[in-house]
Amino acid sequence: MPAARTTGKEVARQLLDDGYVVVSGMMPARDVQAARADLDRVLTATKSGRNPFEGYSTQRVYALFAKTRTFDAAATHPLLLDVLDQVLGHYQLSAPVGIRIGPGEKAQVLHRDDAIYPLPEPHPQVVVNTMWPLDPFTEKNGATRFVPESHKWEPGRRPAGTDPVTAAVMAPGSAMFYLGSLWHGGGANQTSSSRLGVILEYAAAWLRPQENHCLAVPRSVVRGLPERLAELLGYNIYPPFVGYVGGSHPLKVLRRADESGA
Ligand SMILES: O=C(O)CCC(=O)C(=O)O
């Protein structure tokens, strides 16, 4: 398992070769503890899933950046951004979600995160996801599972019962990077404790993000965020000018609105 001091180039190469890579030392222990405590607070007011994909015994914290500040640093971790620079070029946050899989939850259906976009296949990588465990991820408690090499499958192939599935067993503080083209899903939780993790999913900047952050995260909150994070939440353009507001860069508009009190 590479450690966070490894280079973005090495991680990007392994990610493109294998479809996933687990990097240790991405989040210091005190930040893991703080994130866990703050998400426990948020989860007390979070309903369980509404369908088999969300999981009826699973809670999902959507609009994550409206609810906690404990993932601001993770979302702009230098190694993560370095990898994204190389794999996606221009990118944005697509789906930042806390996922607590409760005891007894069934395995989530295997899926590809980039399948939501109607792009003809094969296509360049347009989605990179990262999973940040806040509990130890084990085979028994619902560690994310994935089908190795499935990012290289020919268009239209779907997992069959005979394809090997691997559980992403990892410790809090690590992060698993995986391509949007890798078949994966949450695991079944066969223990009596819940499994908490956070996905920070990124997509190419020219695509529509899964969550509409400009509505999900109040503007008053975004104004207090580091500039790079505000950009990743949609206050940015895809060059030369996709996403402008009244002909201006969204960050300029955000600042102007700040001055005028809007
Ligand atoms: O919770 C997990 O381990 C993965 C969840 C996932 O892939 C999803 O909800 O799209």
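Under the working numbering, residue 696 is the last one in the sequence shown; the count climbs by one each step, no gaps.
Just so you know, even glycine gets a beta-carbon here, dropped at the ideal spot from N, CA and C.
No residue range can be given for Arg592, since it is assigned to no alpha helix (DSSP H) and is classified by DSSP as neither H nor E.
Of all alpha-carbon atoms in Ala446, Tyr636 and Gly614, the one lying nearest the alpha-carbon of Asp516 is that of Ala446. At a Cβ-Cβ threshold of 8 Å, Arg579 and His618 count as neighbours.
Proximity annotation: ligand 1 has residues Ile533, Thr578 and Gly620 in chain order, each selected because its CB is closer than 5 Å to a heavy atom of the ligand. Sequence-distant Cβ neighbours of Phe505 in its own chain, meaning closer than 8 Å and more than five residues away, are Ala469, Leu498, Phe499, Pro530, Trp566, Val632 and Leu634. The continuous alpha helix (DSSP H) containing Arg475 extends over residues Ala463 to Leu477. Short of 8 Å from the beta carbon of Pro652, and not among the five residues preceding or following it, lie these beta carbons of its own chain, in chain order: Ala500.
The C-alpha of Gln542 lies about 7 Å from the C-alpha of Pro486.
Between Lys540 and the set Glu645, Gly658 and Thr625, the nearest pair of CA atoms involves Thr625. DSSP places Gly489 in the coil class of the three-state scheme, outside both helix and strand.
Gln448 carries a helical assignment under DSSP once its states are collapsed to helix, strand and coil. Counting other Cβ atoms within 10 Å of its Cβ, Asn563 reaches 16 or more and is therefore classed as buried. Counting only runs of at least 3 residues, the region 487-545 fully encloses the following beta strand (DSSP E) elements, listed from N- to C-terminal order: 492-495 and 525-535. Distance from the CA of Leu477 to the CA of Thr492, rounded to the nearest whole angstrom, comes to 11 Å. Taking 3 residues as the shortest admissible run, the region 548-575 contains the following complete beta strand (DSSP E) segments, listed from N- to C-terminal end: 561-567. No Cβ-Cβ contact shorter than 8 Å links Val456 with Ala577.
DSSP places His683 in the coil class of the three-state scheme, outside both helix and strand. Residue environment analysis places Val676 among the exposed positions, since fewer than 16 neighbouring C-beta atoms fall within 10 angstroms of its C-beta. Given a length threshold of 4 residues, each whole run of the alpha helix (DSSP H) inside the region 615-678 is given here in chain order: 647-650, 653-656 and 661-666.
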